[in-house]
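All letters in the sequence shown, in the order written, are residues 1 to 330 by my numbering.
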Amino acid sequence: MGGIDTDITSECPMARRRRLQWFEGDPFTWTNKRVWKRLDRVLYSKEWAETFNTTKVLHLPRRLSDHRPLFIDTAQTENKRPSSFRFQNMWLKHHKFLETVRHSWNLPIEGYGMYKLQQKIFRTKELLKQWNMDIFGNVFTTVERAKQEAIEAQKIFDRDPSEANLIALNKSNAILVHALSLESKYWKQKKEVSHNICNIPTKEETKDIVFSIDKDSVVGPDSFSSVFYQACWEFIAKDIHQAVRDFFCGTPMPRSFKATTIVLIPKVDSPQTWNEFRPISLCNVSNKILSKLLYKKISHALPDITSPNQSGFVQGRLISDNIIMAQEMI
Numbered sequence: 001m002g003g004i005d006t007d008i009t010s011e012c013p014m015a016r017r018r019r020l021q022w023f024e025g026d027p028f029t030w031t032n033k034r035v036w037k038r039l040d041r042v043l044y045s046k047e048w049a050e051t052f053n054t055t056k057v058l059h060l061p062r063r064l065s066d067h068r069p070l071f072i073d074t075a076q077t078e079n080k081r082p083s084s085f086r087f088q089n090m091w092l093k094h095h096k097f098l099e100t101v102r103h104s105w106n107l108p109i110e111g112y113g114m115y116k117l118q119q120k121i122f123r124t125k126e127l128l129k130q131w132n133m134d135i136f137g138n139v140f141t142t143v144e145r146a147k148q149e150a151i152e153a154q155k156i157f158d159r160d161p162s163e164a165n166l167i168a169l170n171k172s173n174a175i176l177v178h179a180l181s182l183e184s185k186y187w188k189q190k191k192e193v194s195h196n197i198c199n200i201p202t203k204e205e206t207k208d209i210v211f212s213i214d215k216d217s218v219v220g221p222d223s224f225s226s227v228f229y230q231a232c233w234e235f236i237a238k239d240i241h242q243a244v245r246d247f248f249c250g251t252p253m254p255r256s257f258k259a260t261t262i263v264l265i266p267k268v269d270s271p272q273t274w275n276e277f278r279p280i281s282l283c284n285v286s287n288k289i290l291s292k293l294l295y296k297k298i299s300h301a302l303p304d305i306t307s308p309n310q311s312g313f314v315q316g317r318l319i320s321d322n323i324i325m326a327q328e329m330i
């Protein structure tokens, strides 16, 4: 359109040994507002094709440059399966989030504290799944739709660079930026000591523990992060404290409370064997709350029930300190 499409294989000898990758988007990658040409291309070798056989090239909308950015996508196509639930922090920014969760959470459930808490979490999970689809939709579909709309707006503006088309282009780009931000926004004696350990924590202690959990900590099997508990504390505090009371009164924990997700963390770069991975367990925040409350009580009692030379129980020391000291003495 307004220029000759140069045969790159005749001008670049190396291109004869490479393949021109097919693309998606507007065919013209450069323009000076009078001439449109496809100057930018992606070449790949046979070895690349064998390794990344689903490679795609996307011609993205122009912004400041007169050239379109070329985006190389090597994502492998996977068999679709039902997506697992993941609590999204971006939901907290929606003005209807707390109202929606509060209404669901306050619906009555019969049973003891820990059972009620877990059932309310299950119910809220199902509610948020549907709420997310109704309010936000599928984030990835939204991003893809925004990309296509931005590309189409760019084409229209290229054909007719009027003020109205410029406004439409800027609006499409703003929608795309917002969609991308959402995508980016998809885990602690004696009779007196025994009394202190088994004493039921106060509501203030429980609240302090909840708000001490890192907001960015990895989630457990139920996928509810500490941010959810902190943001919804106003109306879930009663159920959390009832579950804490049950635990310290000796009520058996439901299996879902003790559930963990086991993940493998590589110990080295490019691990080749199972021995080069370290397994860790990710537990639910409800489990972390009980564990941290128990740890806090035990840590205050440790100085009274352990010897000072039991360094494995002394904060800031390691059990290996005694081994090193013994070696020095010998």
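Ideal Cβ positions, reconstructed from N, Cα and C, are used throughout, including at glycine.
Taking 9 Å as the cut-off, the Cβ atoms of A150 and N173 count as close. At a Cβ-Cβ threshold of 9 Å, F87 and S291 do not count as neighbours. The beta carbons of F85 and K129 sit about 6 Å from each other, so the pair counts as a contact at 8 Å. Just so you know, the alpha carbons of P279 and P221 end up roughly 16 Å apart.
In this structure, the straight-line span from the alpha carbon of D73 to that of V244 is close to 48 Å.
Bounds of the alpha helix (DSSP H) holding L128 are G113 to I135. For the pair S299 and K288, the Cα-to-Cα distance works out to about 16 Å. The beta carbon of I213 lies closer than 7 Å to those of S226, V285 and K288 in the same chain, with the five residues before and after it left out.
Under the criterion of beta carbons closer than 8 Å, A231 and L92 qualify as touching, at roughly 5 Å. According to DSSP, residue pairing for W36 in a beta bridge involves T31.
Beta-bridge pairing by DSSP links C283 to T260. Beta-bridge partners of P266 (DSSP): F277. By the criterion of a C-beta distance shorter than 7 Å, V268 is surrounded in its chain by E276, once the five residues flanking it on both sides are discounted. According to DSSP, E149 shares a beta bridge with no other residue. Between the alpha carbons of K120 and D239 lies a gap of roughly 9 Å.
The continuous alpha helix (DSSP H) containing D208 extends over residues K203 to S212. In the DSSP assignment, H103 falls within the unbroken alpha helix (DSSP H) covering F97 to W105. A straight line joining the alpha-carbon of G113 with that of M133 spans about 31 Å. Between F248 and W233, the CB-CB gap reaches or exceeds 9 Å.
In the DSSP secondary-structure assignment, L293 is not bridged to any residue. Counted as a single uninterrupted DSSP element, the beta strand (DSSP E) harbouring K56 occupies residues K56 to H59.
Collapsing the DSSP output to three states places L169 in a helix. The C-alpha of F228 lies about 8 Å from the C-alpha of N89. Bridge pairing for L64: absent [DSSP]. Per DSSP, D246 has no beta bridge partner at all.
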